[in-house]
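Novice:
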Amino acid sequence: MSAHESMEQADQAKEASHENRNIALLIAIIALCLALSETLGKGAQTESISKNVEASNLWAFFQAKSIRRTTVQTAAEQAKLGLGSGADDATKAAVQKQIDDWQKTAARYRSEPETKEGSEQLSERAKQAEEERDLAEAKYHHYELASAAFQIGIVLASATIITGIMALAWVSGLLTLAGVAMTALGIFVPHLLHLP
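Letter by letter, the sequence shown follows residues -10 to 185 in my numbering.
1. Pick helix, strand or coil for T83, following the three-state DSSP scheme.
2. Give me the residue from H180, L15, L21, S136 with the minimum Cα distance to K128.
3. Less than 6 Å between C-beta atoms, sequence neighbours within five positions excluded: which residues of the same chain meet that for A95?
4. Starting from L174, follow the alpha helix (DSSP H) in both directions and report where the run begins and ends.
5. For chain C, is any of its Cβ atoms less than 9 Å away from the one on F50?
6. Hey, would you say L164 sits closer than 9 Å to F139, going by beta carbons?
7. Let me know the secondary structure DSSP gives G30 once reduced to three states.
8. In this structure, how does DSSP classify S100 when only helix, strand and coil are distinguished?
9. Determine the closest residue to K69 out of G168, A17, W91, with distance taken between C-alpha atoms.
10. Could you check what DSSP says for E106 in three-state terms: helix, strand or coil?
11. For N41 and M155, I'd like the C-alpha separation in whole angstroms.
12. Which same chain residues, not among the five before or five after A44, have their C-beta less than 7 Å away from its C-beta?
13. With H, G and I counted as helix, E and B as strand and the rest as coil, what does DSSP make of D77?
14. With DSSP collapsed to three states, give me the class of L124.
Encoded structure:
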């Protein structure tokens, strides 16, 4: 082997080493992006589950209040029917007081703004929890797609080192940009795209 060939091989090795360092840097950047999207995705998934449980609990509480209100209203209506039978004035007054109490209780079961535990307030709180759940779920789907793009990008960048096909590195870079875009959509406008 001549000195000239030896110098050429050294230059090629140096160039390959430089390209491999660049690819390794690309892989490190993609891995960082992957870690961020996975963390955001896990947080969104946890939020979605939490808000789903909260909405379910609020709807169950809403149903219990509705049942209680119906029971109290029915008791008041039955007592009204019984007032017409020949009871004395004291009994009628006592029954009317109980009817009034039941009607107040039924009204409180319907709306209780102070505690936000009337059926109207519970319904609003449950709907709000469902909206927050849906938002977290939309974010989660974006982060999952971003993670998939980052993972494929890492594989393609790694394959570039083995095969020397630089087109794979370019595709890896494009997938990284797509992953960053999906992460940004998840953060800022998760309802822009309707993902399953």
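All C-beta atoms, glycine included, are put in the ideal place defined by N, C-alpha and C.
Because the structure is a prediction, the values reported are computed rather than measured.
Specialist: Quick look at the numbers:
1. Residue numbering aside, residue 83 sits at position 94 when the sequence shown is read from its first letter. Before going on, a small fix: residue 83 reads as Ala here, not Thr. Assigned with DSSP and collapsed to three states, A83 falls in helix.
2. On the sequence shown, position 139 is the one that residue 128 refers to. Of H180, L15, L21, S136, the residue nearest in Cα terms is H180.
3. Here the question's residue 95 lines up with position 106 in the sequence shown. R58, V61, Q62.
4. In the sequence shown, counting from the first residue as 1, residue 174 sits at position 185. Counting along the chain, L174 sits inside the alpha helix (DSSP H) bounded by residues 155 to 177.
5. Annotation note: the requested chain C is absent from the structure, which comprises a single protein chain.
6. Position 175 of the sequence shown, counting from 1, holds the residue named residue 164. Position 150 of the sequence shown, counting from 1, holds the residue named residue 139. Yes, they are a contact pair.
7. Along the sequence shown, one-based indexing puts residue 30 at 41. Secondary structure at G30: helix, using DSSP grouped into helix, strand and coil.
8. Taking the sequence shown and counting its residues from 1, the one referred to as residue 100 is at position 111. Taken through DSSP and simplified to helix, strand or coil, S100 comes out as coil.
9. As a position in the sequence shown, residue 69 is number 80, starting the count at 1. The shortest C-alpha separation from K69 is found at W91.
10. Against the sequence shown, residue 106 aligns to sequence position 117. If DSSP states are grouped into helix, strand and coil, E106 belongs with coil.
11. Locating residue 41 in the sequence shown gives position 52, counting from the first residue. Locating residue 155 in the sequence shown gives position 166, counting from the first residue. Taking the straight line joining both Cα atoms gives about 46 Å.
12. Position 55 of the sequence shown, counted from the first residue, corresponds to residue 44. Closer than 7 Å at Cβ, skipping near neighbours: A115, A118, E119, R122.
13. Translated into positions along the sequence shown, residue 77 becomes position 88. If DSSP states are grouped into helix, strand and coil, D77 belongs with coil.
14. Along the sequence shown, one-based indexing puts residue 124 at 135. Helix at L124.
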